[in-house]
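In our numbering, the protein residues as written are -18 to 262. The beta carbon of each residue, even a glycine, is placed where N, CA and C say it ideally should be. Down below is the structure, laid out as structure tokens.
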């Protein structure tokens, strides 16, 4: 089955020492596409220097700029402990890409790794990187990441921000609520216990289970078995909250005079509105 989608081209820019970060950015883009492209009508295409076709006749950075940067809608910049290799016009190719992207009004997201630097770190590269980061702080907001998982989450969030800012695709659907969905059923356990003389005896422990299978909490819930007094269910008259997806159990003792209850009356509040229902059990 085919479907139309708007393309968001996202360039991944970095020096050569953050391969894990580049892979994390690719993973974020891929996983976002898998989860959202069909429903949101947007596909994110990563642009990387690795995909540039070799070409002669110009400086390598100029070739990369023409092939990738000019076609990008957004740029993700990732730094570790290096600033990168200088170009004729900038302290590094990555910095040149960032400066051009900012000047062209593209969406630019920058992250610096906080992981420990390698033992053989180039101190000159590290110093140049720190100076660039300090200068950047005067004109941009950058972020940090400690590991690949954290960067994946942050790139995912950047994709969402870019799509919203550029007005692409279909807005993320607002999930509809199904409300409170109560399921009430009775049950019993056979338990063995010792009496005061150490003799074993069997006893039936009976209970009523109230499960909320909806996606809204049931507040101020009380439960009463049939027409019998409220205290037939231990603490059944104590208002409580049964959260979405939660089960709460009400124990009771069987009265031979009244027999086993066949229905349970449940009252609860949902979004401030009171509800009442009798469940057959």
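Open item on the list: Going by DSSP, what residue range makes up the beta strand (DSSP E) through residue 18?
Closed with: Taken as a continuous stretch (DSSP letters only), residue 18 belongs to no beta strand (DSSP E), being part of the alpha helix (DSSP H) at 0 to 21.
- [ ] Following the continuous alpha helix (DSSP H) through residue 105, name the residue where it begins and the one where it ends.
- [x] That run of the alpha helix (DSSP H) goes 104 to 117.
Open item on the list: In chain order, what are the residue ranges of uninterrupted alpha helix (DSSP H) at least 4 long that sit wholly in the region 63 to 107?
Closed with: Here the runs fully enclosed are 74 to 84.
Task: At least three beta-carbon pairs within less than 8 Å, the region 84 to 94 to the region 54 to 64 - done: When C-beta atoms of the region 84 to 94 are compared with those of the region 54 to 64, three or more pairs fall below 8 Å, so the two segments count as touching.
- [ ] Name the one or two DSSP bridge partners that residue 59 has.
- [x] For residue 59, which the question treats as bridged, DSSP gives the partners 92.
TODO: Give the DSSP-derived three-state secondary structure of residue 193 in the structure shown.
DONE: Secondary structure at residue 193: strand, using DSSP grouped into helix, strand and coil.
- [ ] Return yes when the Cβ of residue -4 is within less than 8 Å of the Cβ of residue 75, no when it is not.
- [x] The answer is yes: Cβ separation under 8 Å.
TODO: Output the distance between the C-alpha atoms of residue 147 and residue -13, rounded to the nearest integer angstrom.
DONE: Residue 147 and residue -13 have their C-alpha atoms spaced approximately 11 Å apart.
- [ ] Compute the distance between the beta-carbons of residue 132 and residue 6, then report whether it is under 8 Å.
- [x] Cβ atoms of residue 132 and residue 6: closer than 8 Å.
- [ ] Keeping to the same chain, check which residues put their C-beta closer than 7 Å to that of residue 160; ignore five residues upstream and five downstream.
- [x] So the qualifying residues of the chain are 195, 197, 251.
Task: Rounded straight-line distance, which links the Cα of residue 41 to that of residue 263 - done: This structure cannot speak to residue 263, because the chain is shown only from -18 to 262.
Task: residue 126 versus residue 84: straight-line alpha-carbon distance, rounded - done: Cα atoms of residue 126 and residue 84: separation of roughly 25 Å, rounded to the nearest angstrom.
Task: Minimum C-alpha distance to residue -11 - residue among 227, 178, 173, 150 - done: Measuring from the Cα of residue -11, the nearest candidate turns out to be 150.
Task: Reduced DSSP category for residue 211 - H, G, I as helix; E, B as strand; rest coil - done: Any reading at residue 211 needs caution, since the residue's pLDDT is 49, under 50, leaving its predicted position unreliable; the model's value is listed next. Note: residue 211 maps to helix in three-state DSSP.
- [ ] Give the straight-line distance between the Cα atoms of residue -8 and residue 158, rounded to the nearest whole angstrom.
- [x] Whole-angstrom Cα-Cα distance: 38 Å.
Task: Start and end residues, alpha helix (DSSP H) containing residue 135 - done: Here the alpha helix (DSSP H) through residue 135 covers 129 to 147.
Task: Minimum C-alpha distance to residue 244 - residue among 262, 254, 235 - done: Looking from the CA of residue 244, the closest CA among 262, 254, 235 belongs to 262.
Task: Supposed close pair residue 181, residue 173 - CB separation, criterion 8 Å - done: Contact between residue 181 and residue 173 holds, with the beta-carbon distance rounding to 5 Å and staying under 8 Å.
- [ ] Could you tell me the distance, in whole angstroms, from the CA atom of residue 25 to the CA atom of residue 259?
- [x] About 52 Å.
- [ ] Give the secondary structure of residue 258 by DSSP, where H, G and I count as helix, E and B as strand, and everything else as coil.
- [x] In the displayed model, residue 258 falls within a strand according to three-state DSSP.
Open item on the list: Could you tell me the alpha carbon to alpha carbon distance between residue 35 and residue 12, rounded to whole angstroms?
Closed with: In a straight line, the C-alpha of residue 35 is about 29 Å away from that of residue 12.
TODO: Measure the C-alpha to C-alpha separation of residue 17 and residue 4 and round it to an integer number of angstroms.
DONE: One C-alpha to the other measures close to 20 Å.
Task: Coil, strand or helix - residue 216 by DSSP - done: Under the three-state reduction of DSSP output, residue 216 falls in the coil class, being neither helix nor strand.
- [ ] Return helix, strand or coil for residue 27, following the three-state DSSP convention.
- [x] Residue state, collapsed to three classes: strand.
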